[in-house]
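Taking the working numbering, the leading residue of the sequence shown gets 315, the next gets one more, and so forth. All C-beta atoms in this analysis are idealised placements derived from N, C-alpha and C, irrespective of residue type, glycine included. Worksheet for the structure shown next.
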Amino acid sequence: MERVTKLRDRLVDDIVAALPDVLETVPREHRVPGVAHLCIKGIESEALLFLLDQADVCASAASACASGAMEPSHVLAAMGLSREWTNGALRLSLGHTTTDADIDTAVSTIVGAVTQLRR
């Protein structure tokens, strides 16, 4: 799991470094090793997910137990996040087969898609 945790942290770090207004929603010490959750200000998750799907990057806007729901998370709202943030929720999952190349692809695809949506 240590390898997956390092990959997850690199995924998040690289996205946060490349894009302004990206919020890590869970402190690292409380995260599950194979899950990253971010809120990206000023975009719509549904549009982002469409672009990611077109590039074969799998992601979700909802928690695993609310998958398929397109309403902003009540948990994120309870944390005090505005719709400007919660509308851009993104959950990414990693597993034992995830590679460094997968992380590179995901980062470049996410950064490109967010940049496109913010134009």
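1. Provide the residue(s) that pair with Met-353 in DSSP beta bridges, ordered along the chain.
2. How about Ser-359 and Leu-404: are their beta carbons less than 8 Å apart?
3. Looking only at C-alpha atoms, which of Val-340, Asp-335, Asp-367 sits nearest to Asp-323?
4. Taking all protein chains shown into account, do 16 or more other C-beta atoms lie within 10 angstroms of the C-beta of Thr-413, making it buried, or fewer, making it exposed?
5. Measuring alpha carbon to alpha carbon, tell me which of Asp-418, Ala-427, Val-425 ends up nearest Leu-321.
6. 8 Å is my cut-off, CB to CB: does Gly-409 come that close to chain B?
7. Can you name the residues that DSSP bridges to Ser-374?
8. Ordered along the chain, which non-local residues of its own chain (more than five positions away) have a Cβ less than 7 Å from that of Ala-373?
9. Below 8 Å on the Cβ atoms is my contact criterion, and I expect Gly-356 with Gly-402 to pass it. Report the Cβ-Cβ distance as a whole number of Å.
10. Where do the N-terminal and C-terminal ends of the alpha helix (DSSP H) with Ala-361 fall, by residue?
Result, derived from the coordinates:
1. In the sequence shown, the residue the question calls residue 353 occupies position 39. The question names Met, yet the displayed sequence has Cys at residue 353. According to DSSP, which records beta bridges pairwise, Cys-353 is partnered with Leu-337, Ala-403.
2. Along the sequence shown, one-based indexing puts residue 359 at 45. Along the sequence shown, one-based indexing puts residue 404 at 90. Yes, Cβ-Cβ distance for Ser-359 and Leu-404 is below 8 Å.
3. Here residue 323 refers to the residue found at position 9 when the sequence shown is read from its first residue. Nearest neighbour of Asp-323 by Cα position, chosen from Val-340, Asp-335, Asp-367, turns out to be Val-340.
4. Position 99 of the sequence shown, counted from the first residue, corresponds to residue 413. Thr-413 counts as exposed, since fewer than 16 other C-beta atoms from the protein chains shown sit within 10 angstroms of its C-beta.
5. Within the sequence shown, the letter at position 7 stands for residue 321. Looking at the Cα atoms, Asp-418 is the closest of the given residues.
6. Protein chains in the displayed structure number just one, and chain B is not present.
7. Your numbering for residue 374 matches position 60 in the sequence shown. Bridge partners of Ser-374: Arg-405.
8. One-based indexing of the sequence shown puts residue 373 at position 59. Hits under 7 Å: Leu-363, Leu-366, Leu-404, Arg-405, Leu-406.
9. Residue mapping note: residue 356 aligns to position 42 of the sequence shown, counting from 1. Residue mapping note: residue 402 aligns to position 88 of the sequence shown, counting from 1. Indeed they touch by this definition, with Cβ atoms about 7 Å apart.
10. Walking along the sequence shown from the start, residue 361 turns up at place 47. Looking at the DSSP string, the run of the alpha helix (DSSP H) that includes Ala-361 is 359 to 368.
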